[in-house]
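In my numbering, the protein residues as written are 18 to 326. Glycine residues also receive a C-beta, built at the ideal position from the N, C-alpha and C atoms. None of these values were measured; they are calculated from a predicted model. Notes follow the structure.
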Amino acid sequence: MPGIILANSAAGVGMRAAVKALQSGRHALDVVETGIRPVELDPTVRSVGVGGWPNLLGQVELDGSIMDGRTLRTGAVGALQGYLHPISVARQVMERLPHVFLVGEGAARFAAEIGAEAGPTLTAEAQQEWKAWLAKHVPDEARAHWPHEGLIEWARLTADPETAGGTTTWLVKDAAGELAAGVSTCGWAFKYPGRLGDSPVIGAGSYADVRYGAAACTGMGELTIRAGTARAVVLYMKMGMSVEEACREAVGDLRALTRLWRGGVTLHAIDAQGRPHVVSIGRGHTVKYWIWTAGMVAPEERAAAIELW
Ligand code: ASP
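Written as structure tokens, this is what we have:
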């Protein structure tokens, strides 16, 4: 079994370490975590970890999840503040707790208890952009009292597809045939505090089942939560569809939703044999992804198939 890594465009900085881990025989879960950690630390990746977009209050709230396709065990954290590696905290939720999902203060408490790396995640640049966004959208009078004003009307303005999202998604089949999925994100820029997207919601933002395949999504999490997209892709493969057909069916599910906000979704999937497919719907630009399989000298960046709403 040669193994495969399929990751989204934000994943570049973690690809080499992940390939090395895969080649040295590490488990798919380790490869996922190894690949995501450098992305979480890279301040130039604006949608993940350090340097991620803050919420409307200027706080960076991070989401992450991981899933083992053999046991269907999973761990997730949402709205985690003050820790650098949500993917590792999510993994420890899976390994050490009888639960699968922790959020907010409970997630931070658990991170502290396990000695997870704490640190600042709001960069000066991200803070500057948050201030600039407020200056552009919120009248001086309301900004003077910030954050005492109600936030609902401002949250509605944040659905800009340029800044609304971004995530790093990873699907890994290792040399022993084990399958894992992992996701890490800061979510939608300037989101309402406490907002969770699809990334930490297992079955929406990611899913892995070694018998059928795995899937992970980037883009408008509000849509993929409603359609249960990642689990749907895997179930469509269970029903006998190819990975391409399964993604097409899931795109159809998304098309059937009413969409109040602009923005697209990209589906990344592999079947049980490790055959990949990536398709992007409703994005106004080419979406790239990263792939590595045995025989490649280096990871390659390729363009996703395109679908229109
Ligand atoms: N899916 C992520 C979320 O909704 C954002 C993204 O990938 O663009 O939080």
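- For C234, the uninterrupted beta strand (DSSP E) segment begins and ends at 230-236.
- In the displayed model, V117 falls within coil according to three-state DSSP, outside both helix and strand.
- In this structure, I104 and E57 form a Cβ contact; the two beta carbons are roughly 7 Å apart against a cut-off of 8 Å.
- Rounded to whole angstroms, the gap between the alpha carbons of V62 and D288 is 28 Å.
- Uninterrupted beta strand (DSSP E) stretches at least 3 residues long and entirely within the segment 103-163 occur at 118-120, given in chain order.
- Its chain contains G81, S82, I83, G92, A93, V94 as the residues whose beta carbon lies nearer than 6 Å to that of A107, once the 5 sequence neighbours on both sides are disregarded; these appear in chain order.
- Residue side-chain check: D215 places its Cβ nearer than 6 Å to a non-hydrogen atom of ligand 1.
- It is roughly 19 Å from the alpha-carbon of R292 to the alpha-carbon of A28.
- In this structure, the C-beta of T202 approaches ligand 1 to less than 6 Å from one of its heavy atoms.
- Annotation for G92: the continuous beta strand (DSSP E) segment containing it runs 91-97.
- Looking from the CA of E324, the closest CA among Y209, H302, L101, Q290 belongs to H302.
- Listed as beta-bridge partners of S201 by DSSP are G81, T185.
- Between ligand 1 and T185, a heavy atom-to-CB distance of less than 6 Å is absent.
- Taking 8 Å as the upper bound for CB-CB distance, M111 and R90 are in contact here, some 5 Å apart.
- By the criterion of at least three beta-carbon pairs nearer than 8 Å, the segment 66-74 is not in contact with the segment 109-125.
- For Y209, the three-state secondary structure derived from DSSP is coil.
- Around the C-beta of G136, fewer than 16 other C-beta atoms lie within 10 Å, and the residue is accordingly described as exposed.
- Shown here for A152: same chain residues with a beta carbon closer than 8 Å to its own, the five before and five after excluded, namely R160 in chain order.
- The closest heavy atom of ligand 1 lies less than 6 Å from the beta carbon of G238.
- Taken through DSSP and simplified to helix, strand or coil, D47 comes out as helix.
- In the three-state reduction of the DSSP assignment, V250 falls in the helix class.
- G269 sits away from G236, with the two beta carbons spaced by 7 Å or more.
- With a threshold of 6 Å, the Cβ atom of T138 does not count as near ligand 1, since no heavy atom of the ligand is closer than that.
- Per the coordinates, the alpha-carbon of A286 lies some 14 Å from the alpha-carbon of R319.
- Per DSSP, the unbroken beta strand (DSSP E) holding I21 starts and ends at 21-25.
- Comparing C-alpha distances from G99 to each of E130, L119, L139, Q109 shows the shortest one belongs to L139.
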